[in-house]
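First the structure, in the form of structure tokens, and then the observations on it.
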Amino acid sequence: MEDLAQDLRFSARTLRKTPGFTAAAVLTLALGIGANAAIFSVVNAVLLRSLPYPNSEQLLTLHSNQSLPDLEDIQKQTNSFAAIGGLTIQALDFTGQGDPVQIYGGLCNAEFFDALGFRPVIGRTISPVEDAYGGPSLVVLTQGFWKRYFGGDAAILGKSIRLSGNSYTVIGVLPREFWMPGRPVDVLASLRVVSPLAAKFRGVHFLHTYFRLKPAISLARANVEMGNVDQWLALHYPEENTDNHRHLLPLRDAIVGDVRPELLVLFAAVGLVLLIACVNFASLQLARSATRQREIAIRTALGAPSWKLIRQMLTESVFLSLLGGVAGLVLAGLGVRLLMALKPAGLPRIADTSIDASVLSFTFALSLLTGIVFGLVPALSTTFFGLNAKLKEDTRTTAGGSSGYRLRKFLVVSEIALALILLISAGLMIRSFALLHRVDPGFRTENLLTMRVELPEARYREQTKQRQFHREFLEALNAIPGAQAALVSELPMSGDYITHNFVIEGRPPLPAGREPEVQTRTVEGGYFRVMGIPLLAGRDFGSQDRTGSLHVVVVNRAFVAQYFPGQNPVGARVQWARSDPPDWMTIVGVVGDIKHFGPSEPEEPAVYDLYSQTAQQWKRWMYPTIRGAASAGILLEQVKQHLWAIDNQLPVTQVFTMNEVVAASLDHQRFNLTLLGIFAGVALALAVIGIYGVMSYAITQRTSEIGIRVALGAQQRDVLWMILGQGLRLTLLGGTLGIAASFVLTRYMSHLLFGITARDPRTFVFIPFALLAVALLACYVPARRAMSVDPMVALRYE
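Going by the working numbering, the first residue of the sequence shown is number -3, and it counts up by one from there.
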């Protein structure tokens, strides 16, 4: 320890004498380590950190949603689980605390609380006896909701709150750690009590499931048991369970979903940035070691063993890398703020990103490893020169044609190759993002305001009241000067969808449960005209299509392509499978496809029907879409006035312009592009600095040679091309290696691209030429200095 302390003191004194070198080394490492720490903080929060549930490794879920009757049968037919919970999230109107607001309620069964393992901080949860059809209206609050609206008052127990027009008694408050993936939940209540019709319907699969394994039960065994349940349900309820294959997977894997490859690509990219920073760090140390060789040689001659000299230089390297790590943590803190500002809405658990103990440990380990690995080669290169050579050679020539200089050239080639991989990756993302931006969404987005309004079941259970509201609301909205309004149940670009099995009149009947599926979207009020969705065949909905008249629907182009290829479907009739009584719907028109699931996703077959004709009385939500010349803020206030004139207890939520909705659909791609662009920019800057440093050093070492060449008649352009040629050779070698590596590695980001392949020819041609131009510019600055060398000064320098 005493030797280590002595080495540290000596390192500190030595580094203070070279502040320029020290600052350059620390800043270079801080960029690489800081970027890695910031991205690791996201990876840690999303992929590595345990879920905030007790014994979360025991929690499983099904890959698909379930109905409550099916979930009840799964409970009866299995023995592998300590508890099985089901939950669906539903918008509720909360009134009695100022303006009406929309909150989100988790409608669940009693076992849901046992499955997740949470106990309330005050009060209790819903018991199995209370979780029954016709049971008491009870509610459990989340801690955030409790503090936000009731100030954390413990006397809330036993009091009533108004949710969607109904009174619920508060019986408990959950701990702060309670968390649900996806949309935050404010309150929890019994599904059987709040929505008994939906709870009893086996054919609607809307429950997210949570299975807690019994101790010593494996996932494989649980899935075998689930396979037996599939067979039992298919035998007893074939209409709803034919070809329904349930598969259990760890809850954390289901939450992370498809983002794992995306984050790993970004983590690999930032790892390349660190490698480039480390190569620059090693190159800086090699340059500095050239000026210390006489010092090292003298210390060797005075009896200092080589291992001790290597230890001293490694101590300096580790000391520098730890300083870089500390500075990197400061940059990582800023980076996390940037990541939070850029975060896409669909990235799970990213809100938990922080510089915690895991990130600190990762940064320390990374800094230590960097100092050792990238300090070892310069240390060995410096200390293993022959003693006589070190004492006799001039410090300008020791590394000039030596292995040290050759090693620096190798490092620069490596930098160029690594930087090119990142630049090509960023180039692919830029091309992909540009193509996404040019995708036609299938409707006009300008001057279009959207929002969500939901009618509470307590006051709008009957369809007559719902239809009266639709009529009055649309009349009021269309009375706004310069405005055109319509309603839709599933907003374009939202990805929300509801599917129904259906049959086509005149086609051979299919077994129950095997009928084709189609998406259903309910509209009212000239929706296609307001949205600018083109009519391709037949007619639009009209004033003649109302309650009690012929039930009509409009289908999209994707529906025609799949079910009426090469035919005109206008006049054909369809109905929902197992409709009771039969309700045939006549197709009267065909409209264009829209990008309902985002610019990169194809449209699905869809059927549009009318709120005034649909039998789906549970569709009490709507998205008013209003196109108007007024600003969004003014238009929103007018909408609220008209809405509250009809019903002053209805909240307005999810207020966006359609331009904002379309932009939000690109959040993930924008996030990836921004980060890759930043990484590529940092890599390019470090590579340019490396090229500049090596060429400047080469000119310093060849000053006398250049002077002799000029004295013998060499022209300035000859000197220029000699230096540029040397830089060109390094760049071409690094570029060739970088292109080859990119050709192999970019295929791992294919899932992030749209409209191009991972080996897009334009990108693979343009980016290397752009890098070559930048590299030659970096070489040109020292080459200009070489052109101005005075032969007499150069010879005296020698």
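No residue lacks a Cβ here, since even glycine has one placed at the ideal position from N, Cα and C.
Asked                                                                                                                                                                         : Found
Could you spell out the range, first to last residue, of the alpha helix (DSSP H) harbouring residue 37?                                                                      : 15 to 39
State the Cα-Cα distance for the pair residue 197 and residue 225, rounded to the nearest angstrom.                                                                           : 19 angstroms
Just the Cα atoms here: how many angstroms apart are residue 192 and residue 562?                                                                                             : 44 angstroms
Does residue 75 come out as helix, strand or coil in the three-state DSSP assignment?                                                                                         : coil
Measuring straight from C-alpha to C-alpha, what distance separates residue 649 and residue 445?                                                                              : 12 angstroms
Whose C-beta lies closer than 6 angstroms to the C-beta of residue 797 among residues of the same chain, with five residues either side of it excluded?                       : Residue 797 is absent from the model: the chain starts at -3 and stops at 794.
Which of helix, strand or coil does DSSP assign to residue 204?                                                                                                               : strand
List the whole-angstrom C-beta distance separating residue 679 from residue 415, where the pair is believed to meet the contact cut-off of C-beta under 8 angstroms.          : 4 angstroms
Can you say whether residue 383 is buried or exposed, counting buried as having 16 or more other CB atoms within 10 angstroms of its CB?                                      : With a pLDDT of 46 at residue 383, under the threshold of 50, the predicted position of this residue should be treated as unreliable, and no value is reported.
Closer than 7 angstroms: is that where the CB of residue 98 sits relative to any heavy atom of the ligand COA?                                                                : By its list of ligands, the structure shown contains no ligand whatsoever, and the ligand COA lies outside what it can speak to.
Flag this pair as yes or no: are the beta carbons of residue 409 and residue 730 separated by less than 8 angstroms?                                                          : yes
Flag this pair as touching only if the stretch 338 to 355 and the stretch 38 to 54 have three or more C-beta atom pairs under 8 angstroms; answer yes or no.                  : yes
Looking only at DSSP bridge pairs, what is residue 520 linked to?                                                                                                             : 483
Are the beta-carbon atoms belonging to residue 590 and residue 599 less than 8 angstroms from one another?                                                                    : yes
In three-state DSSP terms, what is residue 153?                                                                                                                               : coil
If you follow the beta strand (DSSP E) that residue 533 is in, where does it begin and where does it stop?                                                                    : 531 to 534
Helix, strand or coil, according to DSSP, for residue 600 in the structure here?                                                                                              : coil
Identify every residue that forms a DSSP beta bridge with residue 658.                                                                                                        : Bridge partners of residue 658: none, in fact.
Using the C-alpha atoms, what's the distance from residue 618 back to residue 30?                                                                                             : 46 angstroms
Determine which residues share a DSSP beta bridge with residue 81 and list them.                                                                                              : 206
Looking only at its chain, what residues have a beta carbon closer than 8 angstroms to the beta carbon of residue 755, apart from the 5 residues adjacent to it on each side? : 739, 742 and 743
When DSSP labels each residue in this structure, what does residue 576 get in the three-state scheme?                                                                         : coil
Can you tell me which residues form a DSSP beta bridge with residue 185?                                                                                                      : 103
Counting only runs that start and end within the stretch 603 to 682, where is the alpha helix (DSSP H) found for 4 or more residues in a row?                                 : 628 to 642 and 654 to 660
Which residue marks the beginning of the alpha helix (DSSP H) containing residue 470, and which one marks its end?                                                            : 459 to 474
Which of the three DSSP states, helix, strand or coil, is assigned to residue 541?                                                                                            : coil
Using the Cα positions of residue 124 and residue 190, report the straight-line distance between them to the nearest angstrom.                                                : 15 angstroms
Can you say whether residue 503 is buried or exposed, counting buried as having 16 or more other CB atoms within 10 angstroms of its CB?                                      : exposed
Determine the DSSP secondary structure at residue 417, reduced to helix, strand or coil.                                                                                      : helix
Quick check: residue 525 and residue 536, are their CB atoms within less than 8 angstroms of each other?                                                                      : yes
For residue 522, which of 480, 498, 308 and 33 has the nearest alpha-carbon?                                                                                                  : 480
Using alpha carbons as the reference points, say which of 553, 363 and 455 lies closest to residue 585.                                                                       : 553
Tell me the rounded alpha-carbon separation between residue 428 and residue 360.                                                                                              : 36 angstroms
Between which two residues does the alpha helix (DSSP H) containing residue 219 stretch?                                                                                      : 215 to 232
In whole angstroms, what is the alpha-carbon distance linking residue 482 and residue 538?                                                                                    : 13 angstroms
Which of helix, strand or coil does DSSP assign to residue 569?                                                                                                               : strand
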